[in-house]
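6 protein chains.
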Amino acid sequence: MDFPKPVDSMVYPRHGNIATFMRMPHISDPKQLDVAYVGVPFDTSAGYRVGARLGPRAVRAASSAVRLHHPVHDVTVHERIRIADYGDVLTTPFEIEKTYDSITREFDAIYAAGCRTIAVGGDHGITYPILRAVAKHTGPVGVVQIDAHTDTHDTQFGARLTHATPFRRAHEDGLLVPSKVVQLGIRGSLFYPDDLAWSREHYHLVTADEIHGRGVEPIVEEMRATVGGAPVYLTFDIDGLDPMCAPGTGVPEIGGLTTWQAMQIIRGFAGLQLVGADLVEVSPPCDTNDVTSIVAAQLLFEIAAVFAVNHGRRQAVLKPAAQPRRA
Amino acid sequence: MDFPKPVDSMVYPRHGNIATFMRMPHISDPKQLDVAYVGVPFDTSAGYRVGARLGPRAVRAASSAVRLHHPVHDVTVHERIRIADYGDVLTTPFEIEKTYDSITREFDAIYAAGCRTIAVGGDHGITYPILRAVAKHTGPVGVVQIDAHTDTHDTQFGARLTHATPFRRAHEDGLLVPSKVVQLGIRGSLFYPDDLAWSREHYHLVTADEIHGRGVEPIVEEMRATVGGAPVYLTFDIDGLDPMCAPGTGVPEIGGLTTWQAMQIIRGFAGLQLVGADLVEVSPPCDTNDVTSIVAAQLLFEIAAVFAVNHGRRQAVLKPAAQPRRA
Amino acid sequence: MDFPKPVDSMVYPRHGNIATFMRMPHISDPKQLDVAYVGVPFDTSAGYRVGARLGPRAVRAASSAVRLHHPVHDVTVHERIRIADYGDVLTTPFEIEKTYDSITREFDAIYAAGCRTIAVGGDHGITYPILRAVAKHTGPVGVVQIDAHTDTHDTQFGARLTHATPFRRAHEDGLLVPSKVVQLGIRGSLFYPDDLAWSREHYHLVTADEIHGRGVEPIVEEMRATVGGAPVYLTFDIDGLDPMCAPGTGVPEIGGLTTWQAMQIIRGFAGLQLVGADLVEVSPPCDTNDVTSIVAAQLLFEIAAVFAVNHGRRQAVLKPAAQPRRA
Amino acid sequence: MDFPKPVDSMVYPRHGNIATFMRMPHISDPKQLDVAYVGVPFDTSAGYRVGARLGPRAVRAASSAVRLHHPVHDVTVHERIRIADYGDVLTTPFEIEKTYDSITREFDAIYAAGCRTIAVGGDHGITYPILRAVAKHTGPVGVVQIDAHTDTHDTQFGARLTHATPFRRAHEDGLLVPSKVVQLGIRGSLFYPDDLAWSREHYHLVTADEIHGRGVEPIVEEMRATVGGAPVYLTFDIDGLDPMCAPGTGVPEIGGLTTWQAMQIIRGFAGLQLVGADLVEVSPPCDTNDVTSIVAAQLLFEIAAVFAVNHGRRQAVLKPAAQPRRA
Amino acid sequence: MDFPKPVDSMVYPRHGNIATFMRMPHISDPKQLDVAYVGVPFDTSAGYRVGARLGPRAVRAASSAVRLHHPVHDVTVHERIRIADYGDVLTTPFEIEKTYDSITREFDAIYAAGCRTIAVGGDHGITYPILRAVAKHTGPVGVVQIDAHTDTHDTQFGARLTHATPFRRAHEDGLLVPSKVVQLGIRGSLFYPDDLAWSREHYHLVTADEIHGRGVEPIVEEMRATVGGAPVYLTFDIDGLDPMCAPGTGVPEIGGLTTWQAMQIIRGFAGLQLVGADLVEVSPPCDTNDVTSIVAAQLLFEIAAVFAVNHGRRQAVLKPAAQPRRA
Amino acid sequence: MDFPKPVDSMVYPRHGNIATFMRMPHISDPKQLDVAYVGVPFDTSAGYRVGARLGPRAVRAASSAVRLHHPVHDVTVHERIRIADYGDVLTTPFEIEKTYDSITREFDAIYAAGCRTIAVGGDHGITYPILRAVAKHTGPVGVVQIDAHTDTHDTQFGARLTHATPFRRAHEDGLLVPSKVVQLGIRGSLFYPDDLAWSREHYHLVTADEIHGRGVEPIVEEMRATVGGAPVYLTFDIDGLDPMCAPGTGVPEIGGLTTWQAMQIIRGFAGLQLVGADLVEVSPPCDTNDVTSIVAAQLLFEIAAVFAVNHGRRQAVLKPAAQPRRA
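Protein chains in written order, with my numbering: chain B, 10 to 336; chain Y, 10 to 336; chain Z, 10 to 336; chain P, 10 to 336; chain E, 10 to 336; chain V, 10 to 336.
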């Protein structure tokens, strides 16, 4: 079993070479991989400031600065798991439904090959078609969502497939285990008084205020207890971070998480049954001198390190085609 | 008959006040106007770098620096025509066809009220639904298109309504008089060898090379001769300009027009039957310190001045509902 | 009694339409309003890096992303109070005294109509002429000032009307109740050893160090206790925030407040007799990709929410012309 | 007689050392110099987008890249004339009249010492107090003004001392020889129909259109013929250039000069009686990555080279105190 | 013989996928190619503003917008020649000589395989080690250099291998045919009076002034006549362009070429014996919103099109190891 | 004994005048000074994103906003110590070893004159040649290093003199007292599993995680206890700060220190035997609107204030030439 090797940053300087995620090789065959970085350059389901379609490219470039041993987990990612840059899935900027179907189809094929994914968006709408693929192979999943917004609206501008609605759609499709959904970092002004009501009713919602007030450690413990041993998917909207950390996103909200808090949350996945992850809403045109892409690349490394450290431990088995129940 | 008055820049400094086009009042009733600036904040039909949805807002802000007497035409725009900021038409970022229908509907109502429009995009796809509205009231129109690209593809990514296809769609719908369509400034690499063939067959295509080689004056004369006394629509894709003049656009092409050349072309509309105009593809996220928005605002002023100087001369009569013929 | 309604962001996308504060209508008649957002595009009293004259315009644009229900106060701002965008007051960039007089005159008229104000600067010098107007209708007020600097110098470059002196001037004019003035977030290098002495003698000065050291909650309690039931004016210099949160200002100082700390302070005004507020020193030319304007817009929403939640409770009565005592 | 020597860019790299104009030493004693670069960091007389107060600093930094031999005039500037960085004159950001008096006083002292100046603004208002000083020593001067705007308004916002009025004020004070005033590059929208009338009546006004249409060479000849052997002052508003060349200025106007055209004009001063010069309206906050400052630095070198090449030829004698006649 | 195919931009949108030059596949085996794009991410031989080490990466990203049929040459590049992205050669940022040796070694291997190169720098110093490799296989070559500076200094800061000296070193090594070296676009201030003397003595030097004065067509004819049927190498320093076209470079000089002029020069290589080319000194950190990278990508396409159109015509034969004569 | 005086910011506005560190005079004679700000504009030993060569210039400009009395130490820096801007040391961008020797030579001369230094880089490699000079006069020193990275690699790309290796080299040369070396803020991904092992073995390494977890106060106490009364050198790599505070650096790492934490650490040097300091890796091309330079300038002030407050207390005596022991 071959472990793909990154470009060696001790030989080829980090400003050089064709930019792939973490300088890993470009491998489109998921059978060769345990985990694939997958670009999803699609932002047409974003309702306001777009640009996240350029996210995968910018994060690839920024990720060349990441080294590959994690100092806390003490794991060298590419030596523990077979991980590479899968490339980007097929998208078309003009059609949301068609693109979502394309996303589901391609992620389905990846999971069918026994490979898990770290998707890089793109807007948050893409998590819904990814979950459609993942849940086919795992059954309904727990979800940890780091985000300023719950993204559980029913519609936006009358449309059902948008970046404000993925978790409502996933819920309806039975892709989630509601009791194992944790939303962390929620904050900001609301469209309607009851915007949070649906989430509070179905999920475990933790506001950013609560994280700042109580500290991040007990929140991580709660998250771990809620999710338990179930298969769990991590979805990280970069606007979960405060604008000071991640200005390059479409809808920043003040009072958000610091990168350090976010790192504690991600590190808290050690030992959980992590079956997939994504990082979305990095919008390079909204960014300033790539700082958000740099932050995103380092968070991707944190996520990859969790996959690596969990590898070899008892893992959720990916089924050829588990059938999610319709809500 | 009341002439709307701008905020007086000799009293209220130009950095102040709510930003409208040229500091004119916000008037949504087209019956009060001869010409309306109309924002069309829609860029979902753009296939690559988006951001033109933010164009109207940025151009409004930049336009506060424009004064209102034209030094060459010797006309004070707002004293010759009733002109104001209509506001933005209804768009929804997720649906192209629905938005195009909305655009046509709203422009139709404006023209039905006897008012002409200077639209500010948004991506170039919006010209098609605008032409659907205009041609209802004028019959098929001549078109002068300043652009790097012909935008006459049949489809892009399999879609028929995109910013690469508006003039093919308008052609099919019989909205244009092909012999009176002039495309100026065309250049850049092509997808396929025959990308220009269709345009060369149906329209009068003038490359940027030809304009640089022959000088702009004879080209303007040709344009005027081609268009003649027919109703004509001016559509200005900001990427007709060279990137040095207009970096803030999705698909810049080197070797383009200077602003001075563009100004000569616009000024060449004096005496023509100008029935409408647009300026599209200004993408603030692709811009640097608003320079493209500033350029766009001044070009809008050049366009408005032509409407003003032509006013009172023999003008094309807007019909309640002329019926374009289907190609 | 009509409540002005914002543009509905569920119908018109947030990147569209003429930019007003919070997408509220432009209403220049204060009699129709309980609270008015008022732009004050003036920065000639700034002694170093200017640009705050462009603040109101940039914050208007950024504010279109704010929704209108507050998640903590559980109040929909525009349904509880009549609030709108008043537009900008008359300023002239060349003359400080004349402009200050103009500001006082216009705010006086607004308060005389029974309307309170949330002013958006502009440099911090504008707070002095605003306080001249406010105190006419409330008598001397308490002031909570979030700021890096005390702004209590006697003169700057020999001038008495500058952004370094407003609270010295207001003090001399008897516009303030010194025992109810709280300065929060003070820090940074000083011109002279005794720069803070005057403030410490007359006011309740709390350094940023103290806020970081003790936590923000006890500080908020102290602030509430100090101000008590007196009429109080909130003045927020954006440089009260750390440069990481608000780089777009003339004189940033490290070691400042986070937005989360600032939000706790503003929320602490619930139940107080808030008679007016301002947010100043947002300088778009010093900003990077609008992040400071975005932060400012969200802080304005926090301030508006306090006005809304306090509304209907026992409120300070605005008098036609209370006479401040000369110090 | 000592010739000040620049930092040697073949020894000390250009990114190093304290930034002075052209890396020349800082010498505040005008008696040691033939020509002094003088910073005038003042922009309070600018009516719209400010920032030119930061111009001298930014141009100093950019000028370190300039080498010191001119390839066309074949002259090494600092070996032909004693030239250095005088530093900045005293200004106060709050008061125009007081600052103008300060400027006049300091330039007067420089000219009284037999030294000429290349001033770096600052807004264009500063040319008026400089001319008050220059004309004391030369009598009324000819002026060549490269500019988009005539700057001959009577007042702006009711004020007489602004960046829109310097040449009206200088005219009234008899500082100019009207028949020897040439305005080059004028263009752009006007406040009022007769904005250009005054200039056309009193001066030789050449529009940018005319320069593009006729070519720059005959214009230079006209300029030389108009100015003849009289003492002449060169005032270069960076907005004389097209925004593509100089985006970093408060009020850019499209259709402007290229740097190459501007260089031809400046080089046309060889052999004229150049008694002083300035370069104004470089506004770093409006700039993008210093490109306008770089352009400005190189234009300053072109100007200095003219002083150098003219040196030793028959020169206008600076009088201790020639008295301008009041108009 | 397989022709590598680009990612199809009609299927995969241009913002997607791993960024390679022109979306061509990454092929490191030169035997499979007629022409290779080769990145040289090295800028340690730049003496002032660095950043060109990031050039290849930025140009790769920008190049995804280029389509692949040339409208004037009427050639589809990748269907006429086997061309691909070779990747980057090995460089080390700390050592110039070692890196130059590495560059020579790697280019030598490419040419030995019968493949020609379009190198993307990196600073201009890299042309010297490339020429060492090229001339081994062609004998001494003619050179057309588009540049603001001659780059023929003997040393800079005492060093012999810098971006100011490549053509002096190549000359000494006998890699060039001096009578067939053309330097186009030279301008700007000089370190010493005789900076141009050496070039004028040995080469055909054409200043930018001359190109602007005489027009570009006769210059192209001269260039073609000078080079004749000899093997010729094209080296394009992006600072040959005016800063308005290419701000993103270390040492911009005003009065430079427009992109249109540069395109005419490159197109003038049709029919010449073009054996290699490079584009250097694109410095993304000096750029504004990628505009220089976009320009560079389109110029690379112009260069590639010349290789394509010349292919099949009588071509210079690459020898296994022609021996350049030492000067 | 003369105390150099800064430009008075109450007379000359802060945007004016030639930019020196803290507006102090330029004095190259170390005998006149107790402490010298010394620019070291060199970044060739940086392995990835360069630009720190422009650091001293940018920090000089930003520092003009700093006032000179410290509010916590209650000391007016320039009245307690003789401090000024020494200018920049001689560097050559092409040669690391030669430049390091030059740095050592020049700092040696400064220390030999009894003057201490606050160096402004430049990349972190420069600390090694500075320590060679310092230790000659103090003997081996304790070091407090605020940094994301330990910089104790043996080589980078095979080179021994790089910004990744200074403390390994200094260690080998016996310039340090290992038991008195404290590394604060260490974090981020590692090249190899044992990257931190060497530091943990020889030094007192404190991760950023630990600082966030325990709070900064006990860390400061530990640092003071570790260093004790020994001569100590403070080296501050700006990437010790979180990217939200200091985006303008070559290799930012998330989870870093806030400026407030850094200020507590620096203030903790009061009473220690501080013999020198530096601030490195500020890279203006990686910065956004100068925010990192502003932060750096204020940290420099914090450092200078410690020198000032310690002055007069018992101080480490600088020896003419103490001999460090070879490791």
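All residues carry an ideal CB built from backbone N, CA and C; glycine is no exception.
Residue range 105-121 is occupied by the alpha helix (DSSP H) that includes I119/V. Legend: CB atoms of the stretch 40-58 of chain B lying less than 8 Å from CB atoms of chain E belong to residues G48, P50.
In terms of Cβ geometry, A305/E and A28/B do not form a close pair [threshold 8 Å]. At the C-beta level, G265/B and R196/B come within 8 Å of one another. Taking a Cβ-Cβ threshold of 7 Å, none of the residues of chain B is close to A305/Y; the smallest such distance is about 18 Å.
Around the CB of G224/P, fewer than 16 other CB atoms lie within 10 Å, so the residue is classed as exposed. For L214/E, there is no enclosing alpha helix (DSSP H); the residue is part of the beta strand (DSSP E) that begins and ends at 213-216. Uninterrupted beta strand (DSSP E) stretches at least 3 residues long and entirely within the stretch 132-194 of chain Y occur at 150-155, given in chain order.
Using a Cβ-Cβ cut-off of 8 Å, L309/Y does not count as an interface residue toward chain P, since no Cβ of chain P sits closer than that to its own.
In the three-state scheme derived from DSSP, where H, G and I count as helix and E and B as strand, L308/Z is classed as helix. When Cβ-Cβ separations below 8 Å define contact, F176/P makes no contact with chain Y. Taking C-beta atoms under 8 Å as the contact rule, A61/E and G259/E qualify, at a distance of about 7 Å.
Residues of the stretch 84-112 of chain B with a C-beta atom less than 8 Å from some C-beta of chain V are T85, listed in chain order. Setting aside the 5 residues that flank it on each side, A55/Z is surrounded in the same chain by A61, D132, H172, G259, each with a C-beta closer than 7 Å to its C-beta; the list follows chain order.
Under the rule that a run must span 3 or more residues, the beta strand (DSSP E) segments found entirely inside the stretch 232-262 of chain E read 240-246. In this structure the stretch 116-135 of chain E does not lie against the stretch 111-119 of chain V, because fewer than three pairs of beta carbons, one per stretch, are closer than 8 Å. Taking a Cβ-Cβ cut-off of 9 Å, the neighbours of T171/E in chain V comprise P102, F103, given in sequence order. DSSP, reduced to helix, strand and coil, places A55/E outside both helices and strands of the structure shown, so it counts as coil. By DSSP's assignment, D94/P forms a beta bridge with H35/P, Y46/P. In this structure, I312/E keeps its C-beta atom at 8 Å or more from the C-beta atom of A271/E.
Taking 8 Å as the threshold, the shortest C-beta distance from H35/P to chain V falls below it. H82/Z is not bridged by DSSP to any residue. Excluding five sequence positions before and after P34/Y, the CB atoms of its chain that fall closer than 6 Å to its own CB belong to P13, A93, given in chain order.
Within the stretch 15-31 of chain B, those residues whose Cβ lies closer than 8 Å to any Cβ of chain E are, in chain order, V20, Y21, P22, H24, G25, N26, I27, A28, T29. Beyond the five residues adjoining it in sequence on each side, F310/E comes within less than 6 Å, by CB distance, of V75 in the same chain, given in chain order. With fewer than three CB-CB distances shorter than 8 Å, the stretch 288-298 of chain B does not count as touching the stretch 214-229 of chain B. Counting other Cβ atoms within 10 Å of its Cβ, P227/P stays below 16 and is therefore classed as exposed. The shortest CA-to-CA distance from V86/E to any of V318/E, Y46/E, V98/E is the one to V318/E.
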